[in-house]
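Protein chains in written order, with the working numbering: chain Y, 1151 to 1516; chain H, 5 to 276.
In this text, a Cβ means the ideal position worked out from N, Cα and C, and glycines have one as well.
Below is one structure, written out as structure tokens; comments come after it.
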Amino acid sequence: MSGVAHVRFDQTSKSFGATQAVAPLDLTVVQGEFTVLIGPSGCGKTTSLRMLAGFEPPTSGRILLGDRDITNMAPKDRNMAMVFQNYALYPHMTAAQNMGFALRLRGVPAAEIETRVRSVAAMLGLEPLLQRRPRELSGGQRQRVAVGRAIVRDPEVFLFDEPLSNLDAQLRSVARSEIRALQRSLGVTTVYVTHDQVEAMTMADRIAVMNHGVLLQYAPPMEVYEQPADTFVASFLGSPAMNIAPAAQLLAFATLTDELREALGSAHSLGIRPEHLAVANAAGKGAPASGTALRFPATLQRLENLGAETLVYARTVPGDLLISRVGGALKACTGAIEFTADARHVVAFGEDGRRIATRFSRGGTQ
Amino acid sequence: MQLSPSWRVVFHILLFAIALSVLAPMLMVLATGFKPPAEVFDFRPWPVHPTLDNFRTILFETHFLHYFVNSVGTTLPRVAGQVAVGVLAAYAFARWRFPGSGALFALVMVAMMIPHQLTMIPNYILIARLDWFDTWQGLIVPNLAAPFAVFFLRQHFLSFPRELFDAAEMDGASSWRTLWHVVLPNLTPALAALTIVQFIETWNEYFWPLLVTSSDASRTLQLGIRHFLEEDFTNYGALMAGVTLASVPALLIFALLQRKVMDAFLDSGLKG
């Protein structure tokens, strides 16, 4: 991993009574990078963020900021700022007072608070709203004020706890790119918790996928997408999810070269992204095995035409339902079809669900 | 549920009767206060020749004003104490789990359920030992903390968004500062409601002052009015004028603070 480590979880764990929320976690966030913690609810991502913020003391392990051990430091001394899911704006204060509250508590002179609040407000287009109270602001405006409140403090690290989950879809996509652009221009190390894979894919420099308190994979978005560490990551990211079928079943009825069969045969299950699964046209149907091509028959179940693309749902001979994403509208598709895939895009998983390297796959578990 | 028109008429007559039975005594008190002595036993519910003489009599020819001062002087610190102790205790119960917090809160609940009559005897003995009999502090101090206030405010603190506590902590506010600058400014409706309830309860209290007061030095208004009767004070017009005046502070508190409570429902700006 290149770059300077800024935030480091060092075997940090958290248990609530007998329940382990976060298993000993090792995670390094690089200076200036945007790291997204993602996973289903209860996966430990929010608990990890709260430990980093200082709201939850870890049960074991350490948290480092630069080379300082901040494990037992009070939240206010960590020089981090957080944007909360419900924004947590103080209802009785105006937007300006909300943004300046932390500075006021630190004893920053009123004139300087005013200057800093104004400059951040200008950056976020909040100037006309500064004298309004939270209840007089729309959801999007509140979210902006919450981001402004974080920026005004000029922190070392930004923490975001699902900050866009209360916005409608349209606002969310605007806010996504705004937050990302803002973080790039400020260059502040950011840890962002979400369960939304679109946010993770579009915003992150690196994605940390968690499940049941365990970090499963920590890598740049495309790497996580193309080379998922295990079947959980494979099915969690991507919509529709990656097709995963038992290898033996899939290969039993497939047409492929002996070399390819041998390479893939060692896998317990095989994963193919819907966009890498094509429907063979009439000419290609029944062609002999060659190269890295993998072909197998299937029975069409239904088509979902989304305009720009069509989702083809079909069942293989052993009965696995696979989804193929095909560009444009698909016409003249009959009951019996043939799927084709390129082995270079097929991800092989071992019996334990973890990805294994094959001679045809790109990369592999180290 | 839709009632048939005839049933609705029946119910409205019933409701009207109930309302009248509540209002009639009050109207009678009010009207009698303005009646000259000759009209006091008149069956008409309104004064024929209204007069302010009764008010003059009760205010300047009796100890009414003295009792009034006693009532105000003991009620205000008592209510202030109940709200202050309630705020601090409830904040601790709502925010922290400390050793024994569950047991302590259970005690508060028990204290709320035990009838006053049971705790009066030990309190009475305590007051007597302290030599506070027939003094203001005898009325104030044993009642400085109200279990209901602790319970009521704790529920409000518990419903306060947890994220706001976190945000305040991150912004660098101490627990104390969070209470004063973040929590309380947003709970004024709850404080107003509590103040109204506690004020009216204290202002109208009869039994405890009856036990620990014996002279004009500390006798409160509610007892004072009763005392007039014991002294063969038969000017019922003046007595009713006194009753009318005695209910003014409670009404005033209600009128002043209920707006705050209403505002809270109109704004409901806490969430989101």
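Query                                                                                                                                                                                      : Result
Mapping DSSP to helix, strand and coil, what is aspartate 175 of chain H?                                                                                                                  : helix
Is isoleucine 1263 of chain Y near the ligand NAD, in the sense that its beta carbon is under 6 Å from a heavy atom of that ligand?                                                        : In the structure on display, the ligand NAD does not appear, and there are no ligands present to speak of.
What residue does the alpha helix (DSSP H) around isoleucine 1220 of chain Y start on, and which one ends it?                                                                              : No alpha helix (DSSP H) contains isoleucine 1220 of chain Y, which DSSP labels as neither H nor E.
If you count every other CB in all the chains shown that lies within 10 Å of the CB of serine 1198 of chain Y, and 16 or more means buried, which is it?                                   : buried
Could you check the C-alpha separation between arginine 1452 of chain Y and alanine 1155 of chain Y for me, to the nearest Å?                                                              : 49 Å
Which of the three DSSP states is assigned to serine 1210 of chain Y in this structure?                                                                                                    : strand
Determine whether the Cβ of asparagine 1236 of chain Y lies closer than 7 Å to any Cβ atom of chain H.                                                                                     : yes
Can you grab the Cα-Cα spacing for the pair alanine 115 of chain H / arginine 1256 of chain Y, in whole Å?                                                                                 : 42 Å
Any beta carbon of chain Y sitting closer than 7 Å to that of proline 193 of chain H?                                                                                                      : no
So, do the segment 1206-1214 of chain Y and the segment 1158-1175 of chain Y have three or more beta carbon pairs nearer to each other than 8 Å?                                           : yes
Among H:Val186, H:Asn147, H:Phe211, which residue has its Cα nearest to the Cα of arginine 166 of chain H?                                                                                 : H:Val186
Does asparagine 190 of chain H come within less than 7 Å of chain Y when only Cβ atoms are used?                                                                                           : yes
With distance defined between alpha-carbon atoms, name the residue in H:Phe20, H:Leu108, H:Ala42, H:Gln159 nearest to threonine 238 of chain H.                                            : H:Ala42
Between phenylalanine 1166 of chain Y and chain H, is there a C-beta pair that is closer than 7 Å?                                                                                         : no
Taking only runs that begin and end inside the segment 1432-1479 of chain Y, name each unbroken beta strand (DSSP E) of 3 or more residues, in chain order.                                : 1443-1455, 1459-1466, 1471-1477
If we cut at 7 Å on Cβ distances, does alanine 1498 of chain Y have a partner in chain H?                                                                                                  : no
Would you report the Cα separation of arginine 1326 of chain Y and arginine 1494 of chain Y, rounded to the nearest angstrom?                                                              : 32 Å
Determine whether the beta carbon atoms of proline 151 of chain H and valine 112 of chain H lie at a separation below 7 Å.                                                                 : yes
Tell me, to the nearest whole angstrom, how far the beta carbon of alanine 1252 of chain Y is from that of arginine 1283 of chain Y; I am working on the premise that it is less than 8 Å. : About 18 Å; that fails the 8 Å criterion.
At the level of alpha carbons, what is the spacing between glutamate 1459 of chain Y and glutamate 1425 of chain Y?                                                                        : 10 Å
Quick check on methionine 1232 of chain Y - is its C-beta less than 7 Å from some C-beta in chain H?                                                                                       : yes
By Cβ distance, which residues of its chain are closer than 7 Å to threonine 192 of chain H, with the 5 residues on each side in sequence left out?                                        : Lys264
Suppose you measure from the CA of threonine 1442 of chain Y to the CA of alanine 1428 of chain Y; what does that come to, to the nearest Å?                                               : 14 Å
Below 7 Å on C-beta distance, what does alanine 21 of chain H contact in chain Y?                                                                                                          : Per Cβ cutoff of 7 Å: no residues; alanine 21 of chain H is ~43 Å from chain Y at best.
Against chain Y, with Cβ distances strictly below 7 Å, would alanine 177 of chain H count as a contact?                                                                                    : yes
Anything in chain H within Cβ reach of proline 1225 of chain Y, meaning under 7 Å, just list it in chain order.                                                                            : Glu173, Met174
If you follow the alpha helix (DSSP H) that glutamine 1161 of chain Y is in, where does it begin and where does it stop?                                                                   : First-last for glutamine 1161 of chain Y: 1155-1166, but that is the beta strand (DSSP E), not the alpha helix (DSSP H).
Any chance the segment 1359-1378 of chain Y sits against the segment 1394-1409 of chain Y, with 3 or more Cβ pairs inside 8 Å?                                                             : no
If you draw a straight line from the C-alpha of phenylalanine 59 of chain H to the C-alpha of glycine 246 of chain H, how long is it?                                                      : 7 Å
What in chain H is Cβ-close to phenylalanine 1310 of chain Y, meaning under 7 Å?                                                                                                           : In chain order: nothing, as chain H lies at least about 13 Å away.
Are the beta-carbon atoms belonging to aspartate 138 of chain H and serine 25 of chain H less than 7 Å from one another?                                                                   : no
Measure from the alpha carbon of alanine 1273 of chain Y to the alpha carbon of each residue in Y:Ile1329, Y:Phe1386, Y:Asn1222, Y:Ala1391, then state which is nearest.                   : Before going further, note that residue 1273 of chain Y is methionine rather than alanine in the sequence given. The option with the nearest alpha carbon to methionine 1273 of chain Y is Y:Ile1329.
Strictly under 7 Å for the Cβ-Cβ distance: is aspartate 170 of chain H near chain B by that measure?                                                                                       : As a matter of chain content, chain B is missing from the structure shown, whose protein chains are Y and H.
Give the residues of chain H in contact with histidine 1242 of chain Y, contact being defined as C-beta atoms less than 7 Å apart.                                                         : Pro189, Asn190
What ranges does the alpha helix (DSSP H) occupy inside the segment 83-140 of chain H, keeping only unbroken runs of at least 4 residues that lie completely in it?                        : 105-117, 120-133
With 9 Å as the limit, tell me which residues of the segment 253-269 of chain H have their beta carbon closer than that to any beta carbon of chain Y; keep them in chain order.           : none
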